[in-house]
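First up is the structure itself, then whatever we jot down about it.
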Amino acid sequence: MSNLNRYSGMQYNRCGQSGLMLPALSLGLWHNFGGVDTLENSRAMIIKAFDLGITHFDLANNYGPPAGSAEETFGKILKSDLTTHRDELIISSKAGYRMWDGPYGDGGSRKYLLASLDQSLKRMGIDYVDIFYSHRFDPDTPLDETMAALDYAVRSGKALYAGISSYRPQQTLEASKILKSLNNRCLIHQPSYNMLDRWIEDGLLDALEAEGIGCIAFCPLAQGMLTDKYLKGIPKDSRAGKPTGFLRPQQVTKQVISKVTALRKIARQREQSLAQMALAWVLRDNRVTSALIGASSPGQIEENVKTLKNLKFTEKELTQIENILK
Ligand SMILES: NC(=O)c1ccc[n+]([C@@H]2O[C@H](COP(=O)([O-])OP(=O)(O)OC[C@H]3O[C@@H](n4cnc5c(N)ncnc54)[C@H](OP(=O)(O)O)[C@@H]3O)[C@@H](O)[C@H]2O)c1
Numbered sequence: 009m010s011n012l013n014r015y016s017g018m019q020y021n022r023c024g025q026s027g028l029m030l031p032a033l034s035l036g037l038w039h040n041f042g043g044v045d046t047l048e049n050s051r052a053m054i055i056k057a058f059d060l061g062i063t064h065f066d067l068a069n070n071y072g073p074p075a076g077s078a079e080e081t082f083g084k085i086l087k088s089d090l091t092t093h094r095d096e097l098i099i100s101s102k103a104g105y106r107m108w109d110g111p112y113g114d115g116g117s118r119k120y121l122l123a124s125l126d127q128s129l130k131r132m133g134i135d136y137v138d139i140f141y142s143h144r145f146d147p148d149t150p151l152d153e154t155m156a157a158l159d160y161a162v163r164s165g166k167a168l169y170a171g172i173s174s175y176r177p178q179q180t181l182e183a184s185k186i187l188k189s190l191n192n193r194c195l196i197h198q199p200s201y202n203m204l205d206r207w208i209e210d211g212l213l214d215a216l217e218a219e220g221i222g223c224i225a226f227c228p229l230a231q232g233m234l235t236d237k238y239l240k241g242i243p244k245d246s247r248a249g250k251p252t253g254f255l256r257p258q259q260v261t262k263q264v265i266s267k268v269t270a271l272r273k274i275a276r277q278r279e280q281s282l283a284q285m286a287l288a289w290v291l292r293d294n295r296v297t298s299a300l301i302g303a304s305s306p307g308q309i310e311e312n313v314k315t316l317k318n319l320k321f322t323e324k325e326l327t328q329i330e331n332i333l334k
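Heads up, the sequence shown is in this note's numbering, so the first residue is 9 and it goes up one at a time.
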């Protein structure tokens, strides 16, 4: 590990009303850290991120492909490079989507969540995760049961904090109430949020503020669409170009590209790349604790961290952006 000044260039934001600070940018291992990817590149990205002050790494049981392999990759890198830094890291994992066959490998049951957490800890070679999430609301499991499983994860020392992901505002309020009734709390909510996907502005951010819950926004670059990447078509080595990518080529529509082209002009005037402006925009609301980026190279992480040099927007810029996004 090379950068002894890693903490000076990063901004750390308080996560809701908790004692925990998270970096303004966190790194997610959904894509490009699986068994199909190159270990050396995954390692270079994690080291680059940490050297730039990114202390938070986000995982889930099913990240890969194959499912589980991103946790294995992270475990290897933790062991080879970061063991002495464990207490400087916030590592999260989740369970909620299908992970293994049969009735116990999906959803929000206590059975699934706690078995999955044990598997995640084994794959990563750690005793505890910092945050354990219910990855999605499960309409078929009583919310009491899912929250009691998160509470147990914390009480047993296998997780330090509990989180929820993609829960709607009302579900979030109920989850928070249940955790409080157990003398626990919901630390954080992980929703999607970017210039092209703004559902959290319709009630979720207000609910989080009222409950003192932090917010970490996933896909802040709309999986890469809010960058220069797709301006001239779909590159083969991009997420939309790869067979294992979750971004489908059909999602990169003409309408999206015309918005992106217009947004890019504003970014240029701000002397930022479009990616940097898109990240600054997600962070403009101080209820958003962290923007959870993905990356396929150390260079992208470097570019994205430079966002912090200009996080402010003028009213005029915000209006211009609104007009483009309408
Ligand atoms: N809770 C949930 O249900 C959920 C769902 C989805 C994601 N997440 C979390 O959120 C994390 C981030 O999601 P995401 O990867 O979709 O985030 P994202 O930041 O919106 O997209 C990341 C992709 O954008 C491209 N990119 C990043 N920086 C770039 C730059 N400077 N210039 C050009 N292209 C750039 C890269 O695409 P290429 O690979 O094409 O280069 C990169 O893989 C995940 O890893 C995961 O931890 C959570």
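Yeah, the Cβ is synthetic: ideal placement off N, Cα and C, and Gly gets one too.
A quick note: this is a predicted structure, and the numbers were derived from the prediction, not measured.
Anticipated Cβ contact below 8 Å, residue i with residue j, distance rounded
i, j, result
"Ser101", "Asn69", "6 Å"
"Arg247", "Gly253", "4 Å"
"Gly42", "Gly72", "4 Å"
"Met285", "Leu271", "7 Å"
"Gly110", "Thr149", "Not really, about 16 Å apart at Cβ, beyond 8 Å."
"Ala57", "Leu35", "5 Å"
"Ile85", "Ile134", "The Cβ separation is near 12 Å, so there is no contact."
"Ala215", "Leu181", "5 Å"
"Ala230", "Asn202", "5 Å"
"Asn8", "Ala170", "This structure does not reach residue 8, given that the chain is present from 9 up to 334, and the question cannot be answered."
"Pro199", "Ser174", "6 Å"
Residue i - DSSP class collapsed to helix/strand/coil
i, result
"Gly42", "coil"
"Ala275", "helix"
"Met29", "strand"
"Lys166", "coil"
"Asp293", "coil"
"Ser142", "strand"
"Gly83", "helix"
"Leu47", "helix"
"Ser174", "coil"
"Leu37", "coil"
"Tyr160", "helix"
"Arg22", "strand"
Residue i burial status per 10 Å Cβ neighbour count (16 or more: buried)
i, result
"Arg22", "exposed"
"His93", "exposed"
"Ser189", "exposed"
"Asp138", "buried"
"Glu3", "Residue 3 lies beyond the stretch modelled for the chain, which goes from 9 to 334, so this question has no answer here."
"Lys237", "buried"
"Glu323", "exposed"
"Tyr15", "exposed"
"Ala283", "buried"
"Arg206", "exposed"
"Leu326", "exposed"
"Leu67", "buried"
"Glu219", "buried"
"Asp146", "buried"
"Val260", "buried"
"Pro257", "exposed"
"Val290", "buried"
"Pro31", "buried"
Of the listed residues the options, nearest to residue i (C-alpha basis)
i, options, result
"Arg176", "Asp159, His143, Val162", "His143"
"Gln328", "Ser304, Ala275, Thr315, Gln308", "Ala275"
"Ile221", "Ala230, Asn294, Lys166, Ser124", "Asn294"
"Ile62", "Ala78, His39, Met29", "Met29"
"Glu311", "Gly24, Tyr15, Glu219, Leu33", "Leu33"
"Lys166", "Ser174, Phe140, Ser184", "Phe140"
"Cys223", "Ala78, Ile172, Ile85", "Ile172"
"Leu37", "Ala78, Ile55, Gly27, Pro31", "Ala78"
"Asp59", "Pro306, Lys334, Phe226", "Pro306"
"Met233", "Leu204, Gly17, Ser184", "Leu204"
"Ile196", "Gln259, Gly27, Leu12, Leu151", "Gly27"
"Leu125", "Pro147, Ile99, Asp146, Phe145", "Ile99"
"Lys185", "Phe226, Leu47, Asp159", "Asp159"
"Lys334", "Lys320, Lys267, Val296", "Lys267"
"Thr336", "Pro31, Gly17, Glu80", "Residue 336 is absent from the model: the chain starts at 9 and stops at 334."
"Lys317", "Leu12, Met18, Asn11", "Met18"
"Ala156", "Gln178, Tyr120, Leu129", "Tyr120"
"Val162", "Leu122, Met132, Pro251, Ala183", "Leu122"
"Pro348", "Leu168, Gly76, Gln179, Val296", "The requested residue 348 does not occur in the structure, where the chain is confined to residues 9 to 334."
"Lys87", "Gln127, Met132, Trp108, Ser128", "Met132"
Contact test: residue i Cβ vs ligand 3 heavy atom, cutoff 6 Å
i, result
"Ser173", "As presented, the structure is devoid of ligand 3, carrying ligand 1 as its sole ligands."
Fully enclosed by the region 186–255, which beta strand (DSSP E) runs are 3 residues long or longer? 194–198, 222–226
Please list the segments of the beta strand (DSSP E) lying wholly inside the region 296–325, counting only runs of 3 or more residues, in order along the chain. 298–301
For a minimum of 3 consecutive residues, which ranges assigned as the beta strand (DSSP E) are wholly contained in the region 97–151? 98–103, 137–142
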